[in-house]
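In our numbering, the protein residues as written are 49 to 999.
Comments concern the structure below.
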Amino acid sequence: MIVVERGTAAGIYLDEAAEDDGGLRRVAESFAADIELVTGTRPEIITEPRQLGSTVIVVGTAGRSRLIDEWIAAGKVDVSAIQGKRECYRIQRIEHPGDGVQQALVIAGSDKRGTIYGIYAVSEMMGVSPWVYFADVIPEKRTLLDLPDTKLDVSSKEPSVKYRGFFLNDDWPSLGSWVTGAFGDFNEVFYEKIFELILRLKGNYLWPAMWSAEFSVNGKSHPLANAELAKEYGIIMGTSHHEPLFRAGSEWQRVYKDYGTSNLWDFARNREAITAFWEDGIRRNKDFPNLITLGMRGESDSALEGSDQENIELLKEIILTQKELLKRYGLEQAPQVLAVYKEVEKYWYGTAEAEGLKDWEVLNDVTILLSDDNFGNLRKIPAGQEQHRSAGWGMYYHLDYHGGPHSYEWVNTTPLEKVWEQMSMAYDYGIRDVWIVNVGDLKPMELPVSYFLDLAYDFEAWGTAAINRTKEYTERWVQQQFGHAADEAAVCGIAGILADYTRMNGRRKPEIIRQDTFSFVHYNEAQRVLEQAGKLVEAADHYRRLIPEQLQDAYFQLVYFPAAASANVLQMQVYAGLSRLYAERGSVLANTYAGLTAEAIERDNRLEQTYNNGISGGKWRGMMSSAHVGYVNWDAAGWSYPQAAAVVPVKGPLMIIDVQGTEQGYTSGTAALPVFTNLQKETYTVTVSNGGDAGFAYEVAAYADWIRLDPPSGWTETAETITVSVDWDKVQGACSGDIVISGAEGTVTVRAEIDWIDLNGVPPKTFVETHDVVSIEAEHTVTRVMADSVEWKTVNSYGRTLSSVKMYPDTVSFSEPARSPYLEYRVSIRQNGEYSLTAYVAPTNHLSPVCGLKYAAGFDGHNPVIADALPPGFEGGNHDNGAWCRAVMDNIHVTATTHTLSKGIHTLRFYGLDAGLVLQKLVLSAGPLPYSYLGPEESYITSAELTEDSL
Numbered sequence: 049m050i051v052v053e054r055g056t057a058a059g060i061y062l063d064e065a066a067e068d069d070g071g072l073r074r075v076a077e078s079f080a081a082d083i084e085l086v087t088g089t090r091p092e093i094i095t096e097p098r099q100l101g102s103t104v105i106v107v108g109t110a111g112r113s114r115l116i117d118e119w120i121a122a123g124k125v126d127v128s129a130i131q132g133k134r135e136c137y138r139i140q141r142i143e144h145p146g147d148g149v150q151q152a153l154v155i156a157g158s159d160k161r162g163t164i165y166g167i168y169a170v171s172e173m174m175g176v177s178p179w180v181y182f183a184d185v186i187p188e189k190r191t192l193l194d195l196p197d198t199k200l201d202v203s204s205k206e207p208s209v210k211y212r213g214f215f216l217n218d219d220w221p222s223l224g225s226w227v228t229g230a231f232g233d234f235n236e237v238f239y240e241k242i243f244e245l246i247l248r249l250k251g252n253y254l255w256p257a258m259w260s261a262e263f264s265v266n267g268k269s270h271p272l273a274n275a276e277l278a279k280e281y282g283i284i285m286g287t288s289h290h291e292p293l294f295r296a297g298s299e300w301q302r303v304y305k306d307y308g309t310s311n312l313w314d315f316a317r318n319r320e321a322i323t324a325f326w327e328d329g330i331r332r333n334k335d336f337p338n339l340i341t342l343g344m345r346g347e348s349d350s351a352l353e354g355s356d357q358e359n360i361e362l363l364k365e366i367i368l369t370q371k372e373l374l375k376r377y378g379l380e381q382a383p384q385v386l387a388v389y390k391e392v393e394k395y396w397y398g399t400a401e402a403e404g405l406k407d408w409e410v411l412n413d414v415t416i417l418l419s420d421d422n423f424g425n426l427r428k429i430p431a432g433q434e435q436h437r438s439a440g441w442g443m444y445y446h447l448d449y450h451g452g453p454h455s456y457e458w459v460n461t462t463p464l465e466k467v468w469e470q471m472s473m474a475y476d477y478g479i480r481d482v483w484i485v486n487v488g489d490l491k492p493m494e495l496p497v498s499y500f501l502d503l504a505y506d507f508e509a510w511g512t513a514a515i516n517r518t519k520e521y522t523e524r525w526v527q528q529q530f531g532h533a534a535d536e537a538a539v540c541g542i543a544g545i546l547a548d549y550t551r552m553n554g555r556r557k558p559e560i561i562r563q564d565t566f567s568f569v570h571y572n573e574a575q576r577v578l579e580q581a582g583k584l585v586e587a588a589d590h591y592r593r594l595i596p597e598q599l600q601d602a603y604f605q606l607v608y609f610p611a612a613a614s615a616n617v618l619q620m621q622v623y624a625g626l627s628r629l630y631a632e633r634g635s636v637l638a639n640t641y642a643g644l645t646a647e648a649i650e651r652d653n654r655l656e657q658t659y660n661n662g663i664s665g666g667k668w669r670g671m672m673s674s675a676h677v678g679y680v681n682w683d684a685a686g687w688s689y690p691q692a693a694a695v696v697p698v699k700g701p702l703m704i705i706d707v708q709g710t711e712q713g714y715t716s717g718t719a720a721l722p723v724f725t726n727l728q729k730e731t732y733t734v735t736v737s738n739g740g741d742a743g744f745a746y747e748v749a750a751y752a753d754w755i756r757l758d759p760p761s762g763w764t765e766t767a768e769t770i771t772v773s774v775d776w777d778k779v780q781g782a783c784s785g786d787i788v789i790s791g792a793e794g795t796v797t798v799r800a801e802i803d804w805i806d807l808n809g810v811p812p813k814t815f816v817e818t819h820d821v822v823s824i825e826a827e828h829t830v831t832r833v834m835a836d837s838v839e840w841k842t843v844n845s846y847g848r849t850l851s852s853v854k855m856y857p858d859t860v861s862f863s864e865p866a867r868s869p870y871l872e873y874r875v876s877i878r879q880n881g882e883y884s885l886t887a888y889v890a891p892t893n894h895l896s897p898v899c900g901l902k903y904a905a906g907f908d909g910h911n912p913v914i915a916d917a918l919p920p921g922f923e924g925g926n927h928d929n930g931a932w933c934r935a936v937m938d939n940i941h942v943t944a945t946t947h948t949l950s951k952g953i954h955t956l957r958f959y960g961l962d963a964g965l966v967l968q969k970l971v972l973s974a975g976p977l978p979y980s981y982l983g984p985e986e987s988y989i990t991s992a993e994l995t996e997d998s999l
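Encoded structure:
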């Protein structure tokens, strides 16, 4: 169907009766603007049937649009698939529906939001991204707009989750600075942009900004303009978990004198004033669509004072008061929600001393909004019959957080795989009424916001049954933003950048990467992550050069800045750590790394300035202003860039040798390289650096013919790297040899040793011990055995290293290993003795008050050892709980069991007991593991022919 040709556009018909619905009129105008953005021609919006041209787009809600209803009655439009459903649309092209009309594109909704979703679905067909305003994604320009008929016969599904939206939070300094500069305040001019974005993303729900904003007061034309606009658009408003009965958190301290003399936000001591304050909120907002928040927390979102029993009884009094107020104003049937957030979870479930709220019949008509732990890991979720409570369940999830143990308020640090795994589990446990996600400043969270809302809208397409589709989703999303200007390879490459930077940030958030987070000594770890960061920046630069000018601003916002800036923070910290390491060795290489640290700091400032002032004509001024480096407190107070170290060179040359795997530097004596093995055929490095102010020549001599050196000699002012490898054609077994390095009148000997491992009799698919460890990526199983229809499945690219495995269905737990599904691995160990098996498990919390995160591990069919990845006293979401803080900062649970083993081949079984367990890695070690953040790299395996879903 041709919508625009040669400067002539089909009109957009909106029924005159529906014109009273300002929201549809606004969206029709937005749709016309989309067409104009694509073609340069703006369609006319018409409201009289006599104005219909030969080609027309007709929009409206079935049952409320006279023309659409006439065509339905005449059998020309079929809405049977959407009738009686919530938020559905029908897109249908019809021919000769009426006099003078040759063809019409009908966009009919089952209700107003359904109609709006249908309109914006056609916008997407034209190439207009939902992020057209909020990321400056400019669609491809076309003078001929021809929509393929194959896309014009669509009946949408009913959304999977009833209320789907986001929370603008932690909104200063970034979002607040931008909003006040661009709009003057959090007013209706700003919220028009937000409401349109929500609807383009098929959401319907919003918690507005609240740090210093008051949604129902901040209107520009008049105080309630924001609320009135939300009603026009069909957006259901809420207030955050600690803002009951329509009142913004900051309102109380501003107006408390209207209700009394005390400013105490304490219901027990200031009941009358707070009740009157709430009543005014109801009176003010009762005519607007809201999901009404009940309950109460302390001042500024803090915990209530008092004992658990006292607080539970106080909450009952508060809720009874709130419900009585709602009844007084005819809102007793209005949808209500109680947020079980932080310590309120304890009040919901109760304690040994106090009965909780969960069986209190007063809450039977209230949706219970559960929460993650503020770091994207679900806390306790409903089980059994609890899942079927009539008022349902919701989930408050976080992509941004201001609180302990540390805040993260900058770029995205939550990989889509984590969102999928956790929110799919929420849905599987019956949490299907409310999904709300804290997005902080909104930007630069564009990708995860899209994903979260798409997952909520169409769980069947993207949820539990669609395992390992996050890569496909990301590529589709990139296609939506850049597809008309990027070929398939570029789309895949850009999607890879988005996945890689969020995975990098997911390992450890940028705010808390330290100079010593990654080991400089063990497993070449710091050097490996530094290389990964460098490759990420190279890829981002590469595709930046390929993107056309009109999409450069969008690429910078959506891809380049978050990837390059995140990588730069990691590089900055590693460079600073290397400067300190070489300063301790007395090497002038410290000064080189100090210079690289300074360059990274300057680059961080430059990237931020470009975002705030250099793109989109300065449109985003202030949006990227959050501190994001070197946190020393839970918040940004006291943050600083890393302090690099420098050395003053001695007079003349001074040769300093450091070898991979060793912390100290050598000016004389003997050092040792890590052992070479005939299995992994390792390559190691030796660095020749200078401690003096004069350069020197050096020579490297190998005293064994199998040792390869590159280069064998050279000159250095600062440092040079020598690569040491083995000519395996000249080695028949275990042996050793020396490397002698001479220069600046000094000599250092480096010992090289080969550990020859005989694989005779070792079966395929066996991990072989080298360097005293067997390191196994969890997906690389020999066999997987299900139990009671529960099986282990691989979740690709989820976790800190390769991937993860999890039991599905994810709602089933097992009481004993003999009845549980298990994983098998084959290992070959080289000595008798006691081994530690370290399990690296995703930082999941207790899913119920009575479960843990238990598993069992055993060898060769012997009784397994049962362990719990959650240590005694673990309390998810409590920033005073050290074990939980470590888990979310490191993004891992690490637990060890002890096993006595003999030299030879063994079969390791890993049994899943508690639902929710996500295994990432196993390490079997003959001694204590040295410090590293990610653990040893995967060991040698005798064959790559592993289980099918690991290939």
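Using N, Cα and C, we set each Cβ at its ideal position, and we do this for glycine too.
V410 versus E391, G666, Q381 and S419, residue with shortest Cα-Cα distance: For the purposes of this step, residue 410 is taken as the residue at position 362 of the sequence shown. The option with the nearest alpha carbon to V410 is Q381.
Closest Cα partner of D159 within the set G282, D184, E985 and E96: As a first step, residue 159 is located in the sequence shown; it is residue number 111 there, counting from the start. Nearest option by C-alpha distance: G282.
Looking at C-alpha atoms only, which residue of G132, P145, S980 and E118 is the closest neighbour of A574? As a first step, residue 574 is located in the sequence shown; it is residue number 526 there, counting from the start. Nearest C-alpha to A574 among G132, P145, S980 and E118: S980.
Please state the DSSP three-state secondary structure of E711. Translated into the one-based positions of the sequence shown, residue 711 becomes position 663. When DSSP states are grouped into helix, strand and coil, E711 belongs to the coil group.
Roughly how many angstroms separate the alpha carbons of N318 and H446, rounded to a whole number? For the purposes of this step, residue 318 is taken as the residue at position 270 of the sequence shown. For the purposes of this step, residue 446 is taken as the residue at position 398 of the sequence shown. So the alpha carbons of these two residues sit roughly 32 Å apart.
Using DSSP's beta-bridge definition, name the partner residues of D706. Residue mapping note: residue 706 aligns to position 658 of the sequence shown, counting from 1. Per the DSSP secondary-structure output, D706 pairs in a beta bridge with T735.
Would T341 and A387 qualify as a contact pair, given that the criterion is a beta-carbon distance under 8 Å? Here residue 341 corresponds to residue number 293 of the sequence shown, with the count starting at 1. Here residue 387 corresponds to residue number 339 of the sequence shown, with the count starting at 1. In this structure, the beta-carbon distance from T341 to A387 falls below 8 Å.
For D916, the nearest candidate out of C933, G924, Y181 and V942 (CA to CA): For this step, residue 916 is matched to residue 868 along the sequence shown. Of the candidates C933, G924, Y181 and V942, the one whose C-alpha sits nearest the C-alpha of D916 is V942.
Are the C-beta of V898 and some C-beta of chain D separated by less than 8 Å? No chain D appears in the structure shown, which is made up of a single protein chain.
Answer yes or no: do A767 and N726 have a C-beta to C-beta separation smaller than 8 Å? The sequence position of residue 767 within the sequence shown is 719, counting from 1. The sequence position of residue 726 within the sequence shown is 678, counting from 1. Their beta carbons are not under 8 Å apart, which means A767 does not touch N726 by this criterion.
Go ahead and pull the three-state DSSP assignment for I595. As a first step, residue 595 must be located in the sequence shown, where it is residue number 547. In the three-state DSSP reduction, I595 falls in the coil class, being neither helix nor strand.
In this structure, how does DSSP classify V821 when only helix, strand and coil are distinguished? For the purposes of this step, residue 821 is taken as residue 773 along the sequence shown, with counting starting at 1. In the structure shown, V821 falls within a strand segment according to DSSP collapsed to helix, strand and coil.
Does the Cβ-Cβ distance between S674 and W458 come in under 8 Å? In the sequence shown, counting from the first residue as 1, residue 674 sits at position 626. In the sequence shown, counting from the first residue as 1, residue 458 sits at position 410. Judged by their CB atoms, S674 and W458 are nearer to each other than the 8 Å cut-off.
From G132 to V125, what does the alpha carbon distance come to, in whole angstroms? As a first step, residue 132 is located in the sequence shown; it is residue number 84 there, counting from the start. As a first step, residue 125 is located in the sequence shown; it is residue number 77 there, counting from the start. Our two residues, G132 and V125, have alpha carbons roughly 16 Å apart in a direct line.
Look at the alpha carbon of E536 and the alpha carbon of V577, and state the distance between them as a whole number of angstroms. By 1-based counting over the sequence shown, the position of residue 536 is 488. By 1-based counting over the sequence shown, the position of residue 577 is 529. Per the coordinates, the alpha-carbon of E536 lies some 28 Å from the alpha-carbon of V577.
Please confirm whether Y43 and E559 have their CB atoms less than 8 Å apart. What is shown of the chain runs 49 to 999, which leaves residue 43 out entirely.
Within 10 angstroms of its Cβ, does D652 collect 16 or more other Cβ (buried), or is it exposed? Position 604 of the sequence shown, counted from the first residue, corresponds to residue 652. It is buried - the Cβ of D652 has at least 16 other Cβ atoms within 10 Å.
Assuming the contact rule is C-beta atoms closer than 8 Å, V154 and I142 should be a hit. Round their C-beta distance to whole Å, please. Within the sequence shown, numbered from 1, the residue matching residue 154 stands at position 106. Within the sequence shown, numbered from 1, the residue matching residue 142 stands at position 94. Confirmed, about 6 Å.
By alpha-carbon positions, which one of T89, Y377, F530 and V636 ends up nearest to L193? On the sequence shown, position 145 is the one that residue 193 refers to. The residue with the shortest Cα to Cα distance from L193 is T89.
Quick one: Cα of F815 to Cα of V875, how far? Here residue 815 corresponds to residue number 767 of the sequence shown, with the count starting at 1. Here residue 875 corresponds to residue number 827 of the sequence shown, with the count starting at 1. Whole-angstrom Cα-Cα distance: 5 Å.
For P496, I'd like the list of residues in its chain whose CB is within less than 7 Å of its CB, leaving aside the five on either flank, ordered along the chain. Translated into the one-based positions of the sequence shown, residue 496 becomes position 448. Non-local beta-carbon contacts of P496 in its own chain, meaning distances under 7 Å to residues more than five positions away in sequence, involve L447, N460, T462, L464 and V467 in chain order.
Could you compute how far the alpha carbon of R848 sits from the alpha carbon of P984? The residue you call residue 848 lines up with position 800 of the sequence shown. The residue you call residue 984 lines up with position 936 of the sequence shown. For R848 and P984, the distance between alpha carbons rounds to 12 Å.
CB contact flag (A504, R212, <8 Å): Reading the sequence shown from its first residue, position 456 is the one you call residue 504. Reading the sequence shown from its first residue, position 164 is the one you call residue 212. For A504 and R212, yes; Cβs fall inside 8 Å.
I649 to D233, Cα distance in whole Å? In the sequence shown, residue 649 corresponds to position 601, counting from 1. In the sequence shown, residue 233 corresponds to position 185, counting from 1. Taking the straight line joining both Cα atoms gives about 32 Å.
Who does T948 pair with in a DSSP beta bridge? For this step, residue 948 is matched to residue 900 along the sequence shown. Answer is E882.
Give the DSSP-derived three-state secondary structure of C783 in the structure shown. The residue given as residue 783 occupies position 735 in the sequence shown. Looking at C783 - three-state DSSP - the assignment turns out to be strand.
Just mark Q621 as buried or exposed, buried being the case when its beta carbon has 16 or more other beta carbons within 10 Å. Counted from its first residue, the sequence shown places residue 621 at position 573. Classification for Q621: buried.
Three-state secondary structure (DSSP) of Y131: Mapped onto the sequence shown, residue 131 falls at position 83. Note that residue 131 is Gln in the sequence shown here, rather than Tyr. Note: Q131 maps to coil in three-state DSSP.
Go through its chain and collect everything with a Cβ distance to A944's Cβ below 7 Å, but skip five positions before and after it. Residue 944 sits at position 896 when you count from the first residue of the sequence shown. Closer than 7 Å at Cβ, skipping near neighbours: S884, L885 and T886.
Pull up the distance between the alpha-carbon of D786 and that of Y499, whole angstroms please. Residue 786 sits at position 738 when you count from the first residue of the sequence shown. Residue 499 sits at position 451 when you count from the first residue of the sequence shown. Each residue's Cα considered, the two are about 56 Å apart.
State the start and end residues of the unbroken alpha helix (DSSP H) segment that holds V459. Counted from its first residue, the sequence shown places residue 459 at position 411. Segment: none, V459 is in no alpha helix (DSSP H) and carries neither H nor E.
Counting pairs of beta carbons, one from the region 925-937 and one from the region 780-800, are three or more of them closer than 8 Å? By the C-beta criterion, the region 925-937 is judged not to be in contact with the region 780-800, since fewer than 3 inter-stretch pairs fall below 8 Å.
Return the CA-CA distance between G743 and V736, expressed in angstroms with no decimal places. For the purposes of this step, residue 743 is identified with residue 695 of the sequence shown, where counting begins at 1. For the purposes of this step, residue 736 is identified with residue 688 of the sequence shown, where counting begins at 1. For G743 and V736, the distance between alpha carbons rounds to 11 Å.
Helix, strand or coil at A110 [DSSP, three-state]: Counting from one through the sequence shown, the residue named residue 110 turns up at place 62. Residue state, collapsed to three classes: coil.
Cross-strand partners of E143 (DSSP beta bridge): One-based indexing of the sequence shown puts residue 143 at position 95. Its beta-bridge partners are Q151.
N- and C-terminal bounds of the alpha helix (DSSP H) containing R73: Position 25 of the sequence shown, counting from 1, holds the residue named residue 73. Run containing R73: G70 to T87, per the alpha helix (DSSP H) assignment.
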